[in-house]
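K.L.:
I have a structure here, written as structure tokens, and I will follow up with some questions on it.
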Amino acid sequence: MYVPKHFEVTDPAWCHALMRARSFAVMITPDDTGAPFATHLPMLVDPARGPLGTLRGHVARANPQWRYLAAGRPTLVVFSGAHAYVSPSWYATHPAVPTWNYVAVHATGTGVLVEDAARVRALLADLVHTYEGAQPGAWSFESLAADYVAGMQRGIVAFEIPIDRLEGKAKLSQNRDAVDQDRTREALAASDDPVARAVAALMAGAPPR
């Protein structure tokens, strides 16, 4: 990823926070011809496993990407955060041109298949717990019969990707002076678009989202 120094984020904790907040990612691995093959999927990050963390997920067994992971090919996982158009009409300094503010993380590593049934079930339970949460009425993975779960597990392939390279980018008008930054943040904060308001919050120092 192209990351100018003033947009670079080197803090793994910041990257992990964005990865958790925007966990529906794009996983890209070279196929048998060398062309990029992509899958859109939810991905969990375990920051305590390895120097940069480990990604966990699964794909349908019919999806050929698990074979590319098993072949030891480098895999890129892209996490995209809040983003918004920035109009030059908001600036005090001219001339200027339009741009886009955004945050993103790229995680690269080599995938390893998870074939132990208990570990696969643990992954599925963790995914459900992450997205169902603890609110009243949350659906419980443990409510399913063991034979049903076993049958469903045969239709997927689980994997882990120890992260070898972690790149964070926060393009939030750092290349503009303080006046233009303030005007941009104020314009985004006043937007009807909640995503634009999220970018304004990021510019004000809010956690990744």
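Just so you know, we're using the working numbering here: the sequence shown kicks off at -19 and counts up by one. From the three backbone atoms N, C-alpha and C, an ideal C-beta is built for every residue, glycine too.
(1) For Phe(-13), count neighbouring C-beta atoms within 10 Å of its own C-beta (all shown protein chains included) and say buried if the count is 16 or more, exposed if not.
(2) Using 8 Å as the threshold, is the C-beta distance between Val16 and Pro22 below it?
(3) Would you mind sorting Ala132 into buried or exposed? The rule is 16 or more other CB atoms within 10 Å of its CB.
(4) What is the rounded straight-line gap between the Cα of Ser60 and the Cα of Gly37?
(5) Where does Ala170 fall in DSSP's three states?
(6) In the stretch 5 to 58, which residue ranges form an unbroken alpha helix (DSSP H) of at least 4 residues, counting only runs that do not cross its ends?
(7) Ignore the nearest five residues each way along the sequence and tell me which others in Leu103's own chain have a CB closer than 6 Å to its CB.
(8) From Ala64 to Ser120, what distance separates their C-alpha atoms?
(9) On a CA-only basis, which of Pro187, Pro174, Ala170 and Val175 is nearest Trp70? Give me that one, please.
(10) Quick one: what's got a C-beta closer than 7 Å to Val(-11)'s C-beta in the same chain, skipping five residues either side?
(11) Let's see if you can read the secondary structure: which residues bound the beta strand (DSSP E) around Glu140?
(12) So within the stretch 74 to 103, which uninterrupted beta strand (DSSP E) runs reach at least 3 residues, ignoring any that extend past its ends?
(13) Quick one: using the 10 Å Cβ neighbour count with 16 as the cut-off for buried, is Gln45 buried or exposed?
(14) Assign Glu226 to buried or exposed, taking buried as 16 or more other Cβ atoms, counted over all protein chains shown, within 10 Å of its Cβ.
(15) Between the Cα of Tyr82 and those of Val159, Gln154 and Asp106, spot the shortest distance and give me the residue it belongs to.
(16) Would you check whether the ligand MN has a heavy atom nearer than 7 Å to the C-beta of Val92?
(17) Counting only the same chain and skipping the five closest in sequence on each side, list residues whose C-beta sits under 6 Å from that of Ala105.
P.N.:
The structure says:
(1) Working through the sequence shown from its first residue, we reach residue -13 at position 7. Buried, by the Cβ-count rule.
(2) Here residue 16 is taken as the residue at index 36 of the sequence shown, counted from 1. Here residue 22 is taken as the residue at index 42 of the sequence shown, counted from 1. Per the sequence shown, the amino acid found at residue 16 is Pro instead of Val. No. Outside cutoff.
(3) Position 152 of the sequence shown holds residue 132. What sits at residue 132 in the sequence shown is Met, not Ala. The residue is exposed, with fewer than 16 neighbouring Cβ atoms inside 10 Å.
(4) Position 80 of the sequence shown, counting from 1, holds the residue named residue 60. Position 57 of the sequence shown, counting from 1, holds the residue named residue 37. If I take the Cα positions, the gap works out to 17 Å.
(5) As a first step, residue 170 is located in the sequence shown; it is residue number 190 there, counting from the start. DSSP places Ala170 in coil when its eight states are reduced to three.
(6) 45 to 50
(7) In the sequence shown, residue 103 corresponds to position 123, counting from 1. Listed in chain order, the non-local C-beta contacts of Leu103 below 6 Å within the same chain comprise Arg36 and Ala138, local neighbours out to five positions each way being set aside.
(8) Taking the sequence shown and counting its residues from 1, one reaches residue 64 at position 84. Taking the sequence shown and counting its residues from 1, one reaches residue 120 at position 140. Using only the alpha carbons, I get a separation of about 36 Å.
(9) Stepping through the sequence shown from its first residue, residue 70 is reached at position 90. Of Pro187, Pro174, Ala170 and Val175, the residue nearest in Cα terms is Ala170.
(10) For the purposes of this step, residue -11 is taken as the residue at position 9 of the sequence shown. So the qualifying residues of the chain are Cys(-5), Gly148, Lys149 and Ala150.
(11) Walking along the sequence shown from the start, residue 140 turns up at place 160. Glu140 -> beta strand (DSSP E) spans Ile136 to Lys151.
(12) 79 to 90 and 92 to 94
(13) Taking the sequence shown and counting its residues from 1, the one referred to as residue 45 is at position 65. Gln45 should be labelled buried.
(14) What the structure shows of the chain is the stretch from -19 to 189, and residue 226 is not part of that stretch, so it cannot be assessed.
(15) The residue given as residue 82 occupies position 102 in the sequence shown. Ranking the options by Cα distance to Tyr82, first place goes to Gln154.
(16) Among the components of this structure there are no ligands whatsoever, and the ligand MN is therefore not found.
(17) Numbered from 1 along the sequence shown, position 125 holds the residue referred to as residue 105. Only Phe121 meet the Cβ criterion.
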